[in-house]
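Okay, structure first, notes after.
Residue numbers (the working numbering): 194 to 757.
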């Protein structure tokens, strides 16, 4: 540079973009003047880059600085995993020279190769010692998992890709990714919905997007579902690209049946939206249903017959997700900003067989109706139509029949199906399949000790015969109550018609009140069929029989007045 300069009085040279800065240049100067210093893992990359910058090749001196650093790298660094990691960490800030001399690539390949060798050697050692010891498996966890977290994200991505090529165990790679995410992203603070300030820096966004892309491109599946949900929350926090979020959502959808309710409660980052991110959960559920559909289509028999969906393994997963979604709907229902259309879309997304009973769905809809009193009557009807009244349990039916928030048509449907259930349970005394579980078991208790002649079998003890006679009396009383329920249902239908006629004539008030009062009386009579009513009968049978005869005479008088 001095020789090429045209300034005869040159006293100063400007060295631009010196790799490693003044410290690296000082070490190179010491080498030129013969001063002693030690080449270490922390400065070898700097020395190699400054030597390349200053053209310290063999053309000027034997065993120049370039050769010295290359010998150190080949003899000491690339053969040792720990030293390779230290050198790669020290390469930070030396771009682009460190890439040009090939230091990064050689360190990355050395790390991957040494990690693969260590796993092979340690695996054989533990195999010789005790193959079935869980304690040994804990001790053989790879120590380099934590050390990789010190790497820059782009270096880390290249190391993981090289490890996949060299055959490192997927479980170790998955553990490393989890540890790296926890270490690199632990400084991100939760941003509340009402915060309008800027998001976290671009560095965190790059880390999140790189880790997600790494799991996708390298097909890394050895990560837990909770980690995937954590990455999804982080992707939302740092405002990662939609493609990256969708990639995580697809992975979650493959194992949604293993998720918990807390996993799905993702806060919304939109200030004008609901409290929870419903759109994300909707996409996850769509991915899950697509996976179920693919599994079912792949399970068809070779003869062309489709497998029974209700008995397939995927059906149990759908049932688990159905219960999970009912709990999720109940959690988000109190949100006053949750739109009806979003709420209904989540309900309609699951197939009918995803819910054996609709009690959870009824509870969620009831909470939503209570939290949104401004819904119109047509909106309430549209929402309540999503409930299958035939899938409601006895307790849920009793609650629904007395629920003022439900539309009148819903209450009538509940009463109608409740009567059909009672009718199918007790007509014939043989426990038809349409009845509820407790009614069928009651009918079986009645019919089991009966012989073909209709009398108790001879093998029944006298004590069992007395119990049987008592059960027959209770059965007759219950059949009488069923008959009275039919009469009351006829009255309800007639009074409903009168109410509609009154509304057409402009006098809806009187008949409406009468109709609601009739429903309340009907519910009161239905309540005696519940478990509590049976317990009361068993505890005070003598008192109940006298009150029953008095009640019968009063009802006869009342009925005669009604139909006079």
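Where a beta carbon is used, it is the ideal one built from N, C-alpha and C, also for glycine.
Checklist entry - What residue does the alpha helix (DSSP H) around residue 423 start on, and which one ends it? => result Position 230 of the chain shown, counted from the first residue, corresponds to residue 423. From DSSP, the alpha helix (DSSP H) with residue 423 extends over 418–430.
Checklist entry - Would you say residue 510 and residue 485 are within 8 angstroms of each other, going by their C-beta atoms? => result Walking along the chain shown from the start, residue 510 turns up at place 317. Walking along the chain shown from the start, residue 485 turns up at place 292. Yes.
Item to check | Same chain only: Cβ atoms within 7 angstroms of residue 269, ignoring 5 sequence neighbours per side | outcome: Within the chain shown, the letter at position 76 stands for residue 269. Closer than 7 angstroms at Cβ, skipping near neighbours: 276.
Next on the checklist: When you compare the CB positions of residue 309 and residue 271, do they come within less than 8 angstroms of one another, or not?
Outcome noted: Residue 309 sits at position 116 when you count from the first residue of the chain shown. Residue 271 sits at position 78 when you count from the first residue of the chain shown. Taking 8 angstroms as the Cβ cut-off, residue 309 and residue 271 do not qualify as a contacting pair.
Checklist entry - Quick one: what's residue 469 bridged to in DSSP? => result Within the chain shown, the letter at position 276 stands for residue 469. DSSP output for residue 469 lists 460 as bridge partner(s).
Item to check | heavy atom of the ligand ATP below 7 angstroms from residue 253 C-beta | outcome: Because no ligand of any kind appears in the structure shown, any question about the ligand ATP cannot be addressed here.
Checklist entry - Taking just the CA atoms, how far does residue 349 sit from residue 356? => result Mapped onto the chain shown, residue 356 falls at position 163. Mapped onto the chain shown, residue 349 falls at position 156. Distance between the alpha carbons of residue 356 and residue 349 is about 10 angstroms.
Checklist entry - Is residue 336 helix, strand or coil by DSSP? => result Indexing the chain shown from 1 puts residue 336 at position 143. Residue 336: coil per DSSP, three-state reduction.
Checklist entry - Nearest to residue 598 by CA position, among 472, 468, 574 and 238, is which residue? => result Translated into the one-based positions of the chain shown, residue 598 becomes position 405. Of 472, 468, 574 and 238, the residue nearest in Cα terms is 574.
Checklist entry - Three-state secondary structure (DSSP) at residue 177? => result Lying before the first or after the last residue shown, residue 177 is absent from the chain, which here runs from 194 to 757.
Next on the checklist: Alpha carbons only, please: which of 413, 285 and 400 is nearest the one belonging to residue 427?
Outcome noted: By 1-based counting over the chain shown, the position of residue 427 is 234. Of the listed residues, the one whose Cα sits closest to residue 427 is 400.
Item to check | Residues near residue 227 in its chain [Cβ-Cβ closer than 6 angstroms; skip 5 each side] | outcome: Residue numbering aside, residue 227 sits at position 34 when the chain shown is read from its first letter. Excluding sequence neighbours, residue 227 sits near nothing in its chain.
Checklist entry - For the alpha helix (DSSP H) that residue 219 lies in, which residues bound it at each end? => result The residue labelled residue 219 in the question sits at position 26 within the chain shown. Per DSSP, residue 219 belongs to the alpha helix (DSSP H) from 214–225.
Item to check | Inside the segment 548–583 only - beta strand (DSSP E) runs reaching at least 3 residues | outcome: none
Item to check | alpha helix (DSSP H) segment containing residue 590, residue limits | outcome: For the purposes of this step, residue 590 is identified with residue 397 of the chain shown, where counting begins at 1. Looking at the DSSP string, the run of the alpha helix (DSSP H) that includes residue 590 is 587–594.
Next on the checklist: Could you give the first and the last residue of the continuous alpha helix (DSSP H) run that contains residue 355?
Outcome noted: The residue you call residue 355 lines up with position 162 of the chain shown. Where residue 355 is concerned, the enclosing alpha helix (DSSP H) stretches over 346–359.
Checklist entry - What is the DSSP secondary structure of residue 312, reduced to helix, strand or coil? => result Here the question's residue 312 lines up with position 119 in the chain shown. Residue state, collapsed to three classes: helix.
Next on the checklist: Quick check: what's the CA-CA separation for residue 229 versus residue 223?
Outcome noted: Along the chain shown, one-based indexing puts residue 229 at 36. Along the chain shown, one-based indexing puts residue 223 at 30. Roughly 7 angstroms separates the two Cα atoms.
Checklist entry - If you check the beta carbons only, do residue 524 and residue 454 fall under 8 angstroms apart? => result Looking up residue 524 in the chain shown gives position 331. Looking up residue 454 in the chain shown gives position 261. Cβ distance < 8 angstroms, so residue 524 and residue 454 count as in contact.
Item to check | Between the CA atoms of residue 370 and residue 556 - distance to the nearest angstrom | outcome: As a first step, residue 556 is located in the chain shown; it is residue number 363 there, counting from the start. As a first step, residue 370 is located in the chain shown; it is residue number 177 there, counting from the start. So the two alpha carbons sit approximately 40 angstroms from each other.
Item to check | Three-state secondary structure assigned by DSSP to residue 413 | outcome: Here residue 413 refers to the residue found at position 220 of the chain shown. If DSSP states are grouped into helix, strand and coil, residue 413 belongs with coil.
Item to check | For residue 263, the first and last residue of its enclosing alpha helix (DSSP H) | outcome: On the chain shown, residue 263 is found 70 positions in, with the first residue counted as 1. Its alpha helix (DSSP H) spans residues 258–265.
Next on the checklist: Counting C-beta neighbours from all protein chains within 10 Å, is the total for residue 264 16 or more, i.e. buried, or is it exposed?
Outcome noted: Position 71 of the chain shown, counted from the start, is the residue given in the question as residue 264. So residue 264 counts as exposed.
Checklist entry - Which word fits residue 549, buried or exposed, when buried means at least 16 other C-beta atoms lie within 10 angstroms of its C-beta? => result The sequence position of residue 549 within the chain shown is 356, counting from 1. Exposed.
Next on the checklist: Do residue 576 and residue 537 have their beta-carbon atoms positioned less than 8 angstroms apart in this structure?
Outcome noted: Along the chain shown, read from residue 1 onward, the residue named residue 537 stands at position 344. Along the chain shown, read from residue 1 onward, the residue named residue 576 stands at position 383. Yes, they are a contact pair.
Checklist entry - Could you give the C-beta distance for residue 305 and residue 352, rounded to a whole number, given that I count them as a contact under 8 angstroms? => result Stepping through the chain shown from its first residue, residue 305 is reached at position 112. Stepping through the chain shown from its first residue, residue 352 is reached at position 159. Right, their Cβ atoms sit about 6 angstroms apart.
Checklist entry - Can the beta-carbon of residue 459 be found closer than 8 angstroms to that of residue 415? => result Here residue 459 is taken as the residue at index 266 of the chain shown, counted from 1. Here residue 415 is taken as the residue at index 222 of the chain shown, counted from 1. No.
Next on the checklist: Please classify residue 606 as buried or exposed, where buried requires at least 16 other C-beta atoms within 10 Å of its C-beta.
Outcome noted: Within the chain shown, numbered from 1, the residue matching residue 606 stands at position 413. By the 10 Å Cβ count, residue 606 comes out buried.
Checklist entry - Can you tell which of 441, 287 and 429 has the C-alpha that lies nearest to the C-alpha of residue 408? => result Here residue 408 corresponds to residue number 215 of the chain shown, with the count starting at 1. Nearest of 441, 287 and 429 to residue 408, Cα basis: 441.
Checklist entry - Distance, Cα to Cα, residue 249 vs residue 242? => result Here residue 249 refers to the residue found at position 56 when the chain shown is read from its first residue. Here residue 242 refers to the residue found at position 49 when the chain shown is read from its first residue. Residue 249 and residue 242: Cα-Cα distance of roughly 10 angstroms.
Next on the checklist: In whole angstroms, give me the CA-to-CA distance for residue 395 and residue 431.
Outcome noted: The residue given as residue 395 occupies position 202 in the chain shown. The residue given as residue 431 occupies position 238 in the chain shown. Approximately 8 angstroms, taken between the alpha carbons.
Next on the checklist: Going by DSSP in three states, residue 399 sits in which element: helix, strand or coil?
Outcome noted: The residue labelled residue 399 in the question sits at position 206 within the chain shown. DSSP places residue 399 in helix when its eight states are reduced to three.
Checklist entry - Of the residues 252, 540 and 508, which one's Cα is nearest the Cα of residue 522? => result By one-based count along the chain shown, residue 522 stands at place 329. Here the closest residue by C-alpha is 540.
Checklist entry - Taking the alpha carbon of residue 274 as the point to measure from, which residue in 311, 410 and 693 has its own alpha carbon closest? => result What you label residue 274 is simply residue 81 of the chain shown in a count that begins at 1. For the residues 311, 410 and 693, the minimum Cα distance to residue 274 belongs to 311.
Next on the checklist: Please report the straight-line C-alpha distance between residue 463 and residue 692, rounded to a whole angstrom.
Outcome noted: For the purposes of this step, residue 463 is identified with residue 270 of the chain shown, where counting begins at 1. For the purposes of this step, residue 692 is identified with residue 499 of the chain shown, where counting begins at 1. Near 47 angstroms, if we compare the C-alpha coordinates of residue 692 and residue 463.
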